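Reminder that position 35 of the sequence shown reads as 52 in our numbering, one-by-one numbering, no gaps.
All C-beta atoms, glycine included, are put in the ideal place defined by N, C-alpha and C.
Bear in mind the structure is a predicted one, so any value in this text is a computation, not a measurement.
Let me begin by presenting the structure, written as structure tokens, before commenting on it.
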Amino acid sequence: AFVVTDNCILCKYTDCVEVCPVDCFYEGPNFLVIDPDECIDCALCEPECPAEAIFSEDDVPADQKHFIELNAELAPEWDNITEKKEQLPEAEKWDGVKEKLKYLEK
Ligand code: SF4
Ligand code: F3S
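Rendered as structure tokens:
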């Protein structure tokens, strides 16, 4: 499956959801996740993310591996999102800031 990682937090551009053929993105207050049971590994979402936050499970950077489990854990708890919406108000400011997991709202 593909995995949403740290740099999505506080940005949430949502370009990714528009291209997913199986609508497997789920939305929290300041982060999105992919349901690994539904993702068909088409790879269409990866280049769409302006924050470059999406990786194939096999390519998730070493310091982000915990996001694999986090996507699986949060997907069943959050609501499905299939249409792009406005990015978070301070997305540009937060894009590229490291270790934003502490700001994750569930
Ligand atoms: Fe959806 Fe394809 Fe991305 Fe998986 S890889 S989340 S199926 S767009
Ligand atoms: Fe997040 Fe990138 Fe999608 S910032 S909402 S993974 S387009």
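Local Cβ density within 10 Å of residue i, reported as buried at 16 or more and exposed below that
i, result
"Thr99", "exposed"
"Asp52", "buried"
"Ser114", "It should be noted that the sequence gives Val, not Ser, for residue 114. Exposed, because fewer than 16 other Cβ atoms sit within 10 Å of the Cβ of Val114."
"Ala70", "buried"
"Asn97", "exposed"
"Cys59", "exposed"
"Tyr43", "buried"
"Ile57", "exposed"
For residue i: DSSP bridge partner residues
i, result
"Tyr43", "Val50, Asn97"
"Ile71", "Val21"
Own chain, CB closer than 7 Å to residue i, minus 5 neighbours either side, in chain order
i, result
"Asn88", "Val20, Val21, Val50, Ile51, Pro53"
"Glu90", "none"
C-beta contact flag for residue i and residue j at 9 Å
i, j, result
"Gln104", "Thr31", "yes"
"Leu121", "Phe48", "yes"
"Cys66", "Cys41", "no"
"Cys62", "Cys33", "yes"
"Asp23", "Glu116", "yes"
Residues near residue i in its chain [Cβ-Cβ closer than 6 Å; skip 5 each side]
i, result
"Glu35", "Lys101"
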